[in-house]
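Mapping the sequence shown onto our numbering, position 123 (from 1) lands on 123, and the numbers just tick up by one. Glycine included, C-beta positions come from ideal geometry on N, C-alpha and C. The structure under discussion appears below in the form of structure tokens.
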Amino acid sequence: MVISGRRAFLAQLGRGTAGLCLSASLGGLAGAAASKADLQVTPLAEGLVLITGAGGNVVARRGGDGVLLVDGGNAEHSKQLLQTLRQTLGAPVTVAFNTHWHWEHTGSNETLRQDGAELIAHENTRLWFTQPVDVDWENRVYPPRPKALPTRTFYKGAQTLAFGGGTVDYGHLPLAHTDGDIYVYFRDANVLVAGGVVTANRYPIPDAATGGWTGGLANATKALLDLVNDETRIVPDVGPVQTKADLAAENEMLTTLHEEIWQMMRKGMGVDDMIAIGATSKYDERWGNSDVFIRNAYRGIYGHVREMRGIV
Ligand SMILES: [Zn+2]
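Okay, structure coming up:
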């Protein structure tokens with residue numbers, strides 16, 4: 001089926017509101033797949049949808065005879081996700097972006113490659129798939145994924161991809177959530193997808209094991225603020241669509257805590273000291289528990305000690 005617009009899309013599914021439980025609506029998904037999870041499909045614009053419930057958020061756009069994907073959820077939900085996309089948008093995925101290497105966003109890579117899709121990512125994302133990744137703050141070693149490798153990578157700056165008669169903007173956000181973060185911006189629909197750099201109602205993680213740090217996250221959220229306007233819908237890593245005001249709040253929090261944690265480090269405080277005194281307490285009501293954030297912030301800043309004008 002080809003969805004020609006939001007109204008038609010909603011009518012097709014027989015519901016009047018966005019955020020639809022497809023496992024109940026689509027007979028083809030009954031059984032084992034549907035019992036795993038209920039994927040929610042929310043139209044963002046004509047032929048452009050957000051899918052939640054598959055791990056990380058997924059955005060898909062129909063263009064010409066193909067579908068462009070931004071992230072692919074986790075491996076557990078990959079089959080259901082790709083079936084849902086095919087039924088919702090009526091075409092196969094021909095090109096997919098990885099916003100970064102984390103598995104809850106790249107779980108469809110192997111299938112997409114097998115199906116002949118082009119996989120676009122930052123070069124560092126490709127490199128993390130070529131070797132074991134020891135993420136010590138998770139106590140987990142991720143094995144290499146040789147069949148998940150992106151087919152097309154870039155290293156620096158802003159890029160443009162021609163797709164379905166239009167264009168899609170994307171670019172690198174250096175050393176932020178990881179060392180391979182990219183945003184994807186559908187300028188015509190004014191929808192921005194920002195992977196793990198933008199979070200909703202929880203602290204972003206500067207994954208110090210793979211190059212993330214708070215200085216980079218503060219810079220990345222600033223760079224995204226310069227890209228968007230008050231009407232932009234911003235898709236975070238998981239959770240509901242965010243606004244420019246939400247992104248500004250995240251940037252303010254990151255900029256402030258980056259500086260404050262650095263100052264505490266200069267006084268000789270360690271991670272446990274910061275957690276014990278509630279170093280982030282003024283932000284915790286909005287952003288939740290900050291233990292993982294503080295641990296990674298500390299380690300990231302320590303790794304950038306030279307540019308932090310010297311802590312020791
Ligand atoms: Zn992530």
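Measure the alpha-carbon distance for residue i versus residue j and round it to whole angstroms.
{"i": "A24", "j": "D38", "result": "Reliability of the predicted coordinates at A24 is poor, the pLDDT of 33 falling under 50, and the value obtained from them is presented with this limitation in mind. Their Cα atoms are separated by approximately 8 Å."}
{"i": "Q131", "j": "M264", "result": "35 Å"}
{"i": "E307", "j": "G157", "result": "22 Å"}
{"i": "T316", "j": "L247", "result": "Nothing can be reported for residue 316: it is not among the residues displayed for the chain, which extend from 1 to 312."}
{"i": "Q87", "j": "L81", "result": "10 Å"}
{"i": "E110", "j": "N190", "result": "30 Å"}
{"i": "D169", "j": "V58", "result": "17 Å"}
{"i": "A218", "j": "H177", "result": "10 Å"}
{"i": "P206", "j": "F293", "result": "7 Å"}
{"i": "Q372", "j": "V197", "result": "There is simply no residue 372 to check, as the chain begins at 1 and stops at 312 in what is shown."}
{"i": "G268", "j": "D65", "result": "59 Å"}
{"i": "G31", "j": "L227", "result": "With a pLDDT of only 39 at G31, under 50, the local geometry of the prediction cannot be trusted, and no value is derived from it."}
{"i": "L29", "j": "E76", "result": "Confidence at L29 is low in this model, with a pLDDT of 38, below 50, so its placement is unreliable and the value that follows should be read with caution. Their backbone Cα atoms lie some 15 Å apart in a straight line."}
{"i": "G125", "j": "W101", "result": "Note on identity: in this sequence residue 125 is Thr, with Gly being the wrong assignment. Approximately 5 Å between the Cα atoms of the pair."}
{"i": "V141", "j": "E104", "result": "15 Å"}
{"i": "L85", "j": "E259", "result": "43 Å"}
Would you mind sorting residue i into buried or exposed? The rule is 16 or more other CB atoms within 10 Å of its CB.
{"i": "G211", "result": "buried"}
{"i": "G290", "result": "What sits at residue 290 in the sequence shown is Ser, not Gly. S290 is buried by the Cβ-count criterion."}
{"i": "V305", "result": "exposed"}
{"i": "S108", "result": "buried"}
{"i": "S78", "result": "buried"}
{"i": "T114", "result": "Reading off the sequence, residue 114 comes out as Gln, not Thr. With fewer than 16 other Cβ atoms within 10 Å, it is exposed."}
{"i": "Y155", "result": "exposed"}
{"i": "G270", "result": "exposed"}
{"i": "V49", "result": "buried"}
{"i": "D179", "result": "buried"}
{"i": "E250", "result": "buried"}
{"i": "G300", "result": "buried"}
{"i": "V67", "result": "buried"}
{"i": "T167", "result": "exposed"}
{"i": "T99", "result": "buried"}
{"i": "N296", "result": "buried"}
{"i": "P204", "result": "buried"}
Return helix, strand or coil for residue i, following the three-state DSSP convention.
{"i": "L227", "result": "helix"}
{"i": "F315", "result": "Since the first and last residues shown for the chain are 1 and 312, residue 315 lies out of range."}
{"i": "T221", "result": "helix"}
{"i": "Q131", "result": "coil"}
{"i": "A45", "result": "strand"}
{"i": "L254", "result": "helix"}
{"i": "I318", "result": "An answer regarding residue 318 cannot be provided, because it is not within the stretch 1 to 312 covered by the chain."}
{"i": "I275", "result": "helix"}
{"i": "D181", "result": "strand"}
{"i": "L69", "result": "strand"}
{"i": "L173", "result": "strand"}
{"i": "G166", "result": "strand"}
{"i": "T52", "result": "strand"}
{"i": "D207", "result": "coil"}
Mind checking which residues open and close the beta strand (DSSP E) that includes residue i?
{"i": "A60", "result": "58 to 63"}
{"i": "V191", "result": "191 to 193"}
The alpha helix (DSSP H) spanning residue i covers which residue range?
{"i": "Y283", "result": "281 to 287"}
{"i": "G303", "result": "291 to 303"}
Secondary structure, alpha helix (DSSP H): runs of 4+ residues fully inside the segment 82 to 163:
103 to 106, 109 to 114, 123 to 128
- Mind listing, in chain order, the residues whose beta carbon lies closer than 5 Å to a non-hydrogen atom of ligand 3? What this structure holds is ligand 1, not ligand 3.
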